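**Student:**
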Amino acid sequence: MMDPEVVNKKINEYEKYIEEKLKSDLKEIELKLSDKVKKYKDWEDVKEIAKTVKEFKEKDRDMLVRVDIGNNIQVTGEITDYERTYVKIGLGYLLEMECREADKYSDIRLRLLKKEIDHLRKLAVNVKVHIKLVLLAINELQASLITETVKNVRKIK
-9 MMDPEVVNKK INEYEKYIEE KLKSDLKEIE LKLSDKVKKY KDWEDVKEIA
41 KTVKEFKEKD RDMLVRVDIG NNIQVTGEIT DYERTYVKIG LGYLLEMECR
91 EADKYSDIRL RLLKKEIDHL RKLAVNVKVH IKLVLLAINE LQASLITETV
141 KNVRKIK
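The numbering of the sequence shown is my numbering, which starts it at -9 and goes up by one.
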């Protein structure tokens, strides 16, 4: 028979572990995941823009664009040269590329981000499984306390 104080102490330790470790890990993973998903959408936009520019080039038409330059300020421009484009590759750097290169580069980045997103999703699932296992352990400990209490009550009668 286990001492109820020891069982309660163990239950409190498990609850503390869930709150301080597992939930904070899950929150951190979810923040990273949302950041990667946002980047994935940005690279999908790059791919879509490269496709649109290619279509306008084939039609031999000028293309009007509206670009946000910050603080919700929009600038209208006209694309007349469809051969080269600038792609923001990170850390504040822009790289001049041909449209087909930008399309290939976005494919590479999308594949990499997809792998990272899948990895983070697996990590999140693992943490959720750990939380459920610890909750099951807490449930078992509480059930053992109830069982012992019932046995003690029967002994007293």
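Cβ coordinates follow ideal geometry from the N, Cα and C atoms, glycine included.
Just so it is clear, the structure is predicted and the values come from calculations on it, not from any experiment.
Just checking, does the stretch 119 to 131 make contact with the stretch 51 to 62 on the three C-beta pairs under 8 Å criterion?
**Tutor:** Because the criterion of three Cβ pairs below 8 Å is not met, the stretch 119 to 131 and the stretch 51 to 62 do not touch.
**Student:** To the nearest angstrom, how far is it from the Cα of V(-4) to the Cα of I146?
**Tutor:** Locating residue -4 in the sequence shown gives position 6, counting from the first residue. Locating residue 146 in the sequence shown gives position 156, counting from the first residue. Near 22 Å, if we compare the C-alpha coordinates of I146 and V(-4).
**Student:** Between which two residues does the beta strand (DSSP E) holding E86 run?
**Tutor:** Working through the sequence shown from its first residue, we reach residue 86 at position 96. Per DSSP, E86 belongs to the beta strand (DSSP E) from 83 to 88.
**Student:** Along the chain, where does the alpha helix (DSSP H) that runs through L16 open and close?
**Tutor:** Here residue 16 refers to the residue found at position 26 of the sequence shown. Counting along the chain, the alpha helix (DSSP H) containing L16 begins and ends at 13 to 49.
**Student:** Which stretch, first to last residue, makes up the beta strand (DSSP E) that contains E68?
**Tutor:** What you label residue 68 is simply residue 78 of the sequence shown in a count that begins at 1. Under the DSSP assignment, E68 falls in the beta strand (DSSP E) whose first and last residues are 64 to 69.
**Student:** Grouping DSSP H, G and I as helix and E and B as strand, with all else coil, what is Y95?
**Tutor:** Translated into positions along the sequence shown, residue 95 becomes position 105. Looking at Y95 - three-state DSSP - the assignment turns out to be helix.
**Student:** So the candidates are M(-8), D15, K0, I1; which of them puts its Cα closest to the Cα of K118?
**Tutor:** Here residue 118 corresponds to residue number 128 of the sequence shown, with the count starting at 1. Of M(-8), D15, K0, I1, the residue nearest in Cα terms is D15.
**Student:** Quick one: grab the DSSP three-state call for D58.
**Tutor:** Your numbering for residue 58 matches position 68 in the sequence shown. Strand, per DSSP.
**Student:** Whether or not the stretch 61 to 73 and the stretch 28 to 39 are in contact is what I'm after, with contact meaning three or more pairs of Cβ atoms, one per stretch, closer than 8 Å; do they touch?
**Tutor:** no
**Student:** Do Y30 and L103 have their beta-carbon atoms positioned less than 8 Å apart in this structure?
**Tutor:** Counting from 1 along the sequence shown, the entry for residue 103 is found at position 113. Counting from 1 along the sequence shown, the entry for residue 30 is found at position 40. Closer than 8 Å, so yes.
**Student:** Closest to Y95 by CA distance: which of I39, L113, S134 is it?
**Tutor:** On the sequence shown, position 105 is the one that residue 95 refers to. It is I39 whose Cα lies nearest to the Cα of Y95.
**Student:** Is the beta carbon of G67 sitting closer than 8 Å to the one on V77?
**Tutor:** For the purposes of this step, residue 67 is taken as the residue at position 77 of the sequence shown. For the purposes of this step, residue 77 is taken as the residue at position 87 of the sequence shown. Result no, Cβ atoms of G67 and V77 do not sit closer than 8 Å.
**Student:** Between N2, L12, M(-8), P(-6), which has its C-alpha nearest A114's C-alpha?
**Tutor:** By one-based count along the sequence shown, residue 114 stands at place 124. If we check each option's Cα against that of A114, L12 comes out closest.
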